[in-house]
Each structure stands twice: as C-alpha cells, then as structure tokens.
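Written below as structure tokens is the structure these notes are about.
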Amino acid sequence: MGSFLFLALVAAAGVVWSCTTTRTPCIEFLDRTEAAEVFGSNAFWYLSLYRHAESVAKGGGLVNTDAHDFQQQMLLANSRCHDWKPSEIEVVQQTIREHRALQRAKWRLIKADDRVDFSYPYTIGDCVVLPANMLAAAGSSENRLSLAKTLLHEHVHIFQRQHPGLFDTLYNAWGFRRATRIDIPADHKERTVTNPDGLDAWVFSCPDGTFTMGLFLEGGKPVKKAFRVSGPDQKGAYVAVGDPIELREISQWLFGIEGCYHPHEVHAYLVSESAFGQ
Ligand SMILES: [Zn+2]
Numbered sequence: 053m054g055s056f057l058f059l060a061l062v063a064a065a066g067v068v069w070s071c072t073t074t075r076t077p078c079i080e081f082l083d084r085t086e087a088a089e090v091f092g093s094n095a096f097w098y099l100s101l102y103r104h105a106e107s108v109a110k111g112g113g114l115v116n117t118d119a120h121d122f123q124q125q126m127l128l129a130n131s132r133c134h135d136w137k138p139s140e141i142e143v144v145q146q147t148i149r150e151h152r153a154l155q156r157a158k159w160r161l162i163k164a165d166d167r168v169d170f171s172y173p174y175t176i177g178d179c180v181v182l183p184a185n186m187l188a189a190a191g192s193s194e195n196r197l198s199l200a201k202t203l204l205h206e207h208v209h210i211f212q213r214q215h216p217g218l219f220d221t222l223y224n225a226w227g228f229r230r231a232t233r234i235d236i237p238a239d240h241k242e243r244t245v246t247n248p249d250g251l252d253a254w255v256f257s258c259p260d261g262t263f264t265m266g267l268f269l270e271g272g273k274p275v276k277k278a279f280r281v282s283g284p285d286q287k288g289a290y291v292a293v294g295d296p297i298e299l300r301e302i303s304q305w306l307f308g309i310e311g312c313y314h315p316h317e318v319h320a321y322l323v324s325e326s327a328f329g330q
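First residue of the sequence shown? That's 53 in our numbering, and the numbers climb one at a time after it.
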C-alpha cells in the first residue's frame, strides 16, 4: 500500500511537472464521450438563447427545420463530436511545442463535426472546440501557424470567461460601454447568431455614432452588421434605430479590424495577431 501511494505521488508529480515545462505541454484531447459531457453540462447554458433559425443554421442539416424541440436537437448536433486521430494529436502537439505563447497553457481540446456551428472554432467552459476540417488541413507549416493563431485566440476567450469584468476598463477605453439590454428589430432578433465567446451586451461609440454590433443570419449564413442605437435610458438599456449597416463601415474606428463585433473578439484578435502576426 505504501509503495502504491508512493507511485501515485510520483505519477501525480509527473503530471504537474509535465504541465509546467515547455518540453511537454499539458494537452487533454477529449474523446467524443467526454466532449458530449461538456455539451451536456452547464457550460452550454447559452443554448437557451438559441432561436429556431439559429439552431437550423448551426445544426448544419442535423436539426429538423420543422422541429419544435430544436434546442434539444441542437444539443444532440453539438454532441456529435469526433475522436482524435493519432496524426491530429501529433499536429496539435507539434503546433503547441513550436510556439512559446502556447506552451504554458493547459489545453482541453474538442474535435467537432464540420457540419455544426458553421465549422467555426470557439470555446465552451475551459475547452477549445476545433472543427475537424481545420485539423485535417493543419499539416502544412502555413496552416499550423493558422492553427496556432486560433489556439491563442481561443485561449484568450477562456481567460476572459474565467475573469469576468477584468478587461472592462480596457474595453471602455476602446469605446465600448456595457448595456443592460439592447432592443433590435424583431426580424433581426429572430435571426441573431449567438457567439459563445461574446455573450454579454455592449454598445460601441465612435465618431460616426453609437452602435450595437452582431451576427445575423442571411441565407443561412452569419453576416456581421451594426445598428445605430439610442440611449441609454435610466436602466442602461439601448434601442436600435434605422436599418443596419455593414460592420466594415465603422471598422476604421476599431483598429481597422473588420471581423470583430464584440470587445472580447477585438481583444482576442489583437493578442493573437501581436503574438503571431507578421
Ligand atoms: Zn473569438
């Protein structure tokens, strides 16, 4: 019993050691059963925000367009994760070993079905979700750099989630203000796409005005748009006014970044680009 305890302590010490050295990054590759448990946990609470159109679009053909239980079907679609191939594990390990910015993080990685969530990478809880096609393409050094950028971007999102409010002052300096509520026209509300990495509401002020920004479905695909808003009222709520504009029309006020419609996205983009951008 004593020797068993000693061996257990040595093994445990080995795990800690392996997570704190750059030679052996700490990476957990979740199999499909473990990944399904993550989607079945409270970490997927934001599923309750999904509307029918979003579930059908994100379900990639796995959610019935007539379904009344579309959130339950979406849960099943998200839970259809894949086991990792040895070659994919190797390419991820190699990518993380190659970059100092990635080596000291603890990674919990899920391999997702390409059909689901527009094949976007994102985070849930403390896990990074990577679409299978990104892993399949990661063999070349160019694509490994892209994978490295994605991993750091997603790691920033996990850090943001674990430290809510930590970056608010920074986001304020960029022109963002928290909103208790933002009302947008009903037709767009029904076509809203939920970003798991940017769930809280913000408005953005720039010389062109104050805007709410987001993703909305058009032809089943997510499109980035902005609405001018009025407000806030005494409770900190805003109301969208007029027709939406393309996000790029105001991107000059956001470091010229066209794709970022939430301060968490701007933050993650800037960190990743400054670490890996040329
Ligand atoms: Zn992101």
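Backbone N, C-alpha and C define an ideal beta-carbon position, used for all residues, glycine too. All values reported here derive from a predicted model rather than from experimental measurement.
Taking 6 Å as the limit between beta carbons, can you name the residues of its chain near residue i, skipping five residues before and five after?
i    : result
P274 : V245, L267
D83  : D135
H240 : F268
Quick one: grab the DSSP three-state call for residue i.
i    : result
T136 : Checking the sequence, you will find Trp at residue 136 rather than Thr. Looking at W136 - three-state DSSP - the assignment turns out to be coil, as it is neither helix nor strand.
Q79  : Reading the sequence as shown, one finds Ile at residue 79 and not Gln. Residue state, collapsed to three classes: strand.
V168 : helix
D178 : coil
T73  : Residue placement at T73 cannot be trusted, given a pLDDT of 49 that sits under 50; what the coordinates show is reported in the next sentence. Coil, per DSSP.
I302 : coil
H120 : coil
A189 : coil
D235 : strand
A289 : strand
P183 : strand
I309 : coil
Taking only heavy atoms of ligand 1 into account, decide whether any of them is closer than 8 Å to the Cβ of residue i.
i    : result
E317 : yes
A153 : no
E89  : no
A327 : no
Y174 : yes
A207 : According to the sequence shown, residue 207 is His rather than Ala. It does not: the Cβ of H207 is nowhere closer than 8 Å to a heavy atom of ligand 1.
Y321 : yes
D249 : yes
Flag residue i as yes when its Cβ comes closer than 8 Å to any non-hydrogen atom of ligand 3, and as no otherwise.
i    : result
Q124 : Annotation note on ligand 3: not contained in the displayed structure, which lists ligand 1 as its ligands.
Starting from the C-beta of residue i, find all residues in its chain whose C-beta is less than 8 Å away, skip the five residues before and the five after it, and write them out in chain order.
i    : result
H319 : V208, Q212, F219, L222, Y223
E317 : N247, D249, G250, G311
T175 : V181, E206, H209, I210, R213, P248, D249
L127 : F91, G92, F96, L99
Chain D beta carbons: is any one of them nearer than 9 Å to that of residue i?
i    : result
G311 : The chain labelled as chain D is not found in the depicted structure, where only one protein chain is given.
For this session: Take every Cβ of the segment 250 to 265, pair it with every Cβ of the segment 185 to 205, and state whether three or more of those distances are shorter than 8 Å.
Result: no
Exercise. Taking contact to mean at least 3 C-beta pairs separated by less than 8 Å, is the segment 99 to 118 in contact with the segment 275 to 289?
Worked result: no
Problem set entry | Contact between the segment 306 to 316 and the segment 282 to 290 (3+ Cβ pairs under 8 Å) | no
Exercise. Do the segment 164 to 177 and the segment 224 to 239 make contact, defined as three or more Cβ pairs closer than 8 Å?
Worked result: no
Exercise. Counting pairs of Cβ atoms below 8 Å between the segment 130 to 144 and the segment 182 to 190, do you hit three or more?
Worked result: yes
Exercise. Can you list the beta strand (DSSP E) stretches of 3 or more residues lying completely in the segment 202 to 251, in chain order?
Worked result: 228 to 230, 233 to 235
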